[in-house]
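Working notes, beginning with the structure itself.
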Amino acid sequence: LAKTTQPISMDSYEGQEVNITCSHNNIATNDYITWYQQFPSQGPRFIIQGYKTKVTNEVASLFIPADRKSSTLSLPRVSLSDTAVYYCLVGGLEAGNNRKLIWGLGTSLAVNP
Amino acid sequence: DAMVIQNPRYQVTQFGKPVTLSCSQTLNHNVMYWYQQKSSQAPKLLFHYYDKDFNNEADTPDNFQSRRPNTSFCFLDIRSPGLGDAAMYLCATSREMGSLLYGYTFGSGTRLTVV
Numbered sequence: 070l071a072k073t074t075q076p077i078s079m080d081s082y083e084g085q086e087v088n089i090t091c092s093h094n095n096i097a098t099n100d101y102i103t104w105y106q107q108f109p110s111q112g113p114r115f116i117i118q119g120y121k122t123k124v125t126n127e128v129a130s131l132f133i134p135a136d137r138k139s140s141t142l143s144l145p146r147v148s149l150s151d152t153a154v155y156y157c158l159v160g161g162l163e164a165g166n167n168r169k170l171i172w173g174l175g176t177s178l179a180v181n182p
Numbered sequence: 071d072a073m074v075i076q077n078p079r080y081q082v083t084q085f086g087k088p089v090t091l092s093c094s095q096t097l098n099h100n101v102m103y104w105y106q107q108k109s110s111q112a113p114k115l116l117f118h119y120y121d122k123d124f125n126n127e128a129d130t131p132d133n134f135q136s137r138r139p140n141t142s143f144c145f146l147d148i149r150s151p152g153l154g155d156a157a158m159y160l161c162a163t164s165r166e167m168g169s170l171l172y173g174y175t176f177g178s179g180t181r182l183t184v185v
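Protein chains in written order, with the numbering used here: chain W, 70 to 182; chain E, 71 to 185.
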C-alpha cells in the first residue's frame with residue numbers, strides 16, 4: 070500500500086485558491102488517488118478521486134502529473150467553512166479482503182477572514 | 071437522508087464500566103468498519119466486518135469487541151474502558167473491502183469520554 074505524505078498544516082484567507090499537495094512515490098499502477106475532508110467532530114467525507122491528469126467536480130479539482138508520484142487538491146475561492154482536515158489516500162479499485170486503506174495525518178487547513 | 075448513523079453522538083462512561091456504541095446503515099453495504107480517532111490523529115482501523123466475517127486488526131486491544139447482528143447494524147463494545155480509550159469512534163461502510171471505487175461513507179462519530 071502506497072504511503073502518502075502531506076503538509077501538516079496550511080493557512081489561507083477567504084477567497085483565495087488553496088492547493089494541497091500529496092506525495093505518493095510508491096503508487097502502484099492500479100492505484101487511484103482519493104481525497105477526503107473532515108470537519109471537527111464529524112466523520113470524513115469524500116471530496117474527489119482520480120487516476121491521472123485532471124479531475125474536476127463542483128467542490129474541487131485534482132491534478133495528477135504523468136508520473137503520478139504526487140497529486141494536488143485545488144480548492145477554488147475558499148471560505149471559512151472550508152476549514153477542515155484534508156486526507157489523501159491511495160489505493161486500488163479492486164476489492165479484496167486483505168486490502169486496507171491507511172490514513173495519514175492529513176493537512177489541517179485554516180481559512181482566515 | 072443520513073446513510074450511516076451513529077448513536078449516541080456523545081457518550082460519557084466511567085472507568086472500567088462496559089459501554090456499547092452503535093452504528094446503522096441504509097446503504098446495504100457489505101463492509102462495516104470501526105475506527106478510533108484521537109485528537110489531531112488519523113483514523114485508526116480497529117476491525118471490520120465483511121458481511122458476517124469479522125476481521126480484527128493485529129494491534130486492536132482485546133478490550134474492544136464488535137458485533138454485527140445483521141447487514142444494517144454493527145456495534146462496538148468496550149469491555150473495560152480506560153482513560154486512554156477516550157476518543158472519537160467512527161463507523162464507516164463500503165460496498166466492497168479495500169476498494170476505493172465506491173469510497174467510504176462515514177457516520178458522524180461518537181465522542182467517548184471516560185471519567
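Glycine included, C-beta positions come from ideal geometry on N, C-alpha and C.
Just so you know, these numbers come straight off a predicted model, no measurement behind them.
key: First and last residue of the uninterrupted beta strand (DSSP E) at E:M158   = A157 to S164
For E:G154: DSSP bridge partner residues = Bridge partners of E:G154: none, in fact.
Pairwise C-alpha distance: W:E86 and W:D136 = 24 Å
query = Is it the case that the Cβ atoms of W:L178 and W:T103 are separated by a distance below 8 Å?
reply = no
message = Is there a C-beta anywhere in chain W that falls below 8 Å from the one on E:R181?
response = yes
inquiry  = Can you look up W:D151 in the DSSP assignment and give me helix, strand or coil?
reply    = helix
query = Does W:L132 have its Cβ less than 8 Å from a Cβ in chain E?
reply = Note that residue 132 of chain W is Phe in the sequence shown, not Leu. With 8 Å as the cut-off, W:F132 does not count as an interface residue toward chain E.
query = Between E:G173 and chain W, is there a C-beta pair that is closer than 8 Å?
reply = yes
key: Collapsed DSSP secondary structure at W:N167 in the structure displayed   = Residue confidence is low: W:N167 scores 49 on pLDDT, short of 50, so the model does not pin down where it sits. No coordinate-derived value is stated.
task = Using 10 angstroms around the beta-carbon of W:A33, count the other beta-carbons present and answer buried if the total reaches 16, otherwise exposed.
result = Outside the shown range of chain W, which is 70 to 182, sits residue 33 of chain W, and nothing can be said about it.
ask   = Going straight from the alpha carbon of E:L146 to that of E:L91, what length do you get?
value = 5 Å
key: Burial state of E:Q76 (16 or more Cβ within 10 Å)   = buried
key: First and last residue of the uninterrupted beta strand (DSSP E) at W:R114   = R114 to G119
query = If you draw a straight line from the alpha carbon of W:F132 to that of W:A153, how long is it in whole angstroms?
reply = 20 Å
message = So for E:H118, helix, strand or coil by DSSP?
response = strand
query = If you measure from the CB of E:Y159, is any heavy atom of the ligand ADP nearer than 7 Å?
reply = The model depicted lacks the ligand ADP and carries no ligand whatsoever.
ask   = So what's E:D132 in DSSP terms, helix, strand or just coil?
value = coil
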